[in-house]
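For the record, in the sequence shown the residue sitting at position 168 is 168 according to the UniProt record's numbering, with numbers rising by one throughout.
The beta-carbon is built from N, C-alpha and C at its ideal position, and this holds for glycine as well.
Let me begin by presenting the structure, written as structure tokens, before commenting on it.
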Amino acid sequence: MKEQLIKLLLKEPGAFVSGEKLSEELGCSRTAIWKHIDALRQDGYRLESAPRKGYRLIEVPDMMKAHDIKIHLATKYIGHKIHYFDAVPTTQKEAMKYIQNGATEGELVVTSNQTNGKGRLGRVWNFAQAKAIAMSLILKPDISPMKVPQLTLLTAVAVVRALRKQTNLDVSIKWPNDLLINGKKIVGILTEMQAEPDLVHSVVIGIGINVNQEQDDFAEELRDKASSLFIESGQTYKRAELIAEVLNEFEGLYDLYLESGFSVIKTLWESYAISLGSHIYARTAKETIYGLATGINDDGVLLLEDQEGQIHSIYSADIEM
Ligand code: BTN
């Protein structure tokens, strides 16, 4: 109900909508409308009410509860069920718990403060002050476990497209799944799966987006490597709108992938990648290889041609350009 009410008020930005019209459209009494308006005010929505004119929406808060996100959502199934937490150790583990309790494809776990977040290669991904996004998307794809890394690349494409659209910033991908602006990391993606050798039970895609943090919000040792949309643009963003746009983009690409395979996603990924066509250092657990990044293969593996012309398949590494 909250969601429908906000949608109606958003349809005519800045204009008053009468209590009568709202109660007719939502099929409830005017007292019920007044109660919902009051609840929205408690949630931080700024609403003006005027006798005989009705209500108008003045400002939407920067919150990420289910209704804040859903008012911007245009998907058929992704994000239709959202579990929001003010603070949680890691959304990845929360998502696993929902899976154990029968969660279905497209359910999303979101938090405003992550206290024990997981990054790649055992790193941490934490933040506080409700300035960033941590979310984990539950999927149940009918694909082979070998193909699951393709979903990480697909997610990177979805997030790049969403952020470019919402911010006009020049966001690009650094293999395998870091999103950068001006060479600094803005987004991290972590994919985990529950599977048997031939069967995927579920996949959890974790996405962390640095949105409204200032320089001082990052630990000193991270300041030359990490950044936020705010630092790069001087503007703050409503996190719920960003999440909805990511989900909108994701669903389109995911449906395309399930129907037609990886090739279109791969082409899109390559068009947003900065590391391809350049000489880079790939630091793997065993060695550091210097060479020309020529492309990725269908498993998302990076292909690196060294100075002797030998092609190396890089499965996991830190990349330096
Ligand atoms: C990376 O190391 O680049 C991946 C970072 C992934 C962070 C996200 S935030 C949401 C989800 N929950 C976690 O604990 N990790 C992922």
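Anticipated Cβ contact below 8 Å, residue 63 with residue 240, distance rounded:
Walking along the sequence shown from the start, residue 63 turns up at place 63. Walking along the sequence shown from the start, residue 240 turns up at place 240. Right, the Cβ-Cβ distance comes to about 7 Å (below 8 Å), so this counts as a contact.
By the DSSP assignment, the beta strand (DSSP E) with residue 39 in it spans what residues?
Translated into the one-based positions of the sequence shown, residue 39 becomes position 39. No beta strand (DSSP E) contains residue 39, which is instead part of the alpha helix (DSSP H) from 30-42.
Beta carbon of residue 309 nearer than 9 Å to that of residue 294:
For this step, residue 309 is matched to residue 309 along the sequence shown. For this step, residue 294 is matched to residue 294 along the sequence shown. No, the pair does not count as a contact, with Cβ atoms beyond the cut-off.
Hey, would you say residue 200 sits closer than 9 Å to residue 149, going by beta carbons?
Here residue 200 is taken as the residue at index 200 of the sequence shown, counted from 1. Here residue 149 is taken as the residue at index 149 of the sequence shown, counted from 1. Residue 149 is positioned such that its CB atom lies no closer than 9 Å to that of residue 200.
Tell me which residues share the same chain as residue 160 and place their Cβ nearer than 8 Å to its Cβ, disregarding the 5 neighbours each side in the sequence.
Mapped onto the sequence shown, residue 160 falls at position 160. Cβ within range, chain order: 171, 172, 173, 179 and 272.
Can you find at least 3 beta carbon pairs, one from the stretch 90-110 and one from the stretch 194-212, that sit closer than 8 Å?
When Cβ pairs closer than 8 Å are counted between the two stretches, the stretch 90-110 is seen to touch the stretch 194-212, the count reaching three or more.
How big is the Cα-Cα spacing for residue 214 and residue 228?
Stepping through the sequence shown from its first residue, residue 214 is reached at position 214. Stepping through the sequence shown from its first residue, residue 228 is reached at position 228. Just so you know, the alpha carbons of residue 214 and residue 228 end up roughly 7 Å apart.
Best match in 224, 256, 67 and 24 for proximity to residue 44 [C-alpha to C-alpha]
Indexing the sequence shown from 1 puts residue 44 at position 44. Answer by Cα proximity: 67.
Can you tell me the Cα-Cα spacing of residue 26 and residue 53, whole angstroms?
Along the sequence shown, read from residue 1 onward, the residue named residue 26 stands at position 26. Along the sequence shown, read from residue 1 onward, the residue named residue 53 stands at position 53. Inter-residue distance for residue 26 and residue 53 is about 18 Å (C-alpha atoms, whole angstroms).
Just checking, does the stretch 183-197 make contact with the stretch 284-303 on the three C-beta pairs under 8 Å criterion?
no
Is residue 86 near the ligand BTN, judged by its Cβ being under 8 Å from some heavy atom?
Walking along the sequence shown from the start, residue 86 turns up at place 86. No, since every heavy atom of the ligand BTN falls outside the 8 Å radius drawn around the Cβ of residue 86.
Closest by C-alpha distance to residue 303, when choosing among 270, 84 and 82
On the sequence shown, residue 303 is found 303 positions in, with the first residue counted as 1. Closest option to residue 303, Cα to Cα, is 270.
Taking the beta carbon of residue 114 as the centre, do at least 16 other beta carbons fall within 10 Å, making it buried, or is it exposed?
For this step, residue 114 is matched to residue 114 along the sequence shown. So residue 114 ends up on the buried side.
Nearest residue (CA-CA) to residue 301, options 286, 290 and 317
Here residue 301 refers to the residue found at position 301 when the sequence shown is read from its first residue. Residue 317 is the option with its Cα nearest to residue 301.
Whole beta strand (DSSP E) elements within the stretch 108-166, 3-residue minimum:
108-114 and 132-139
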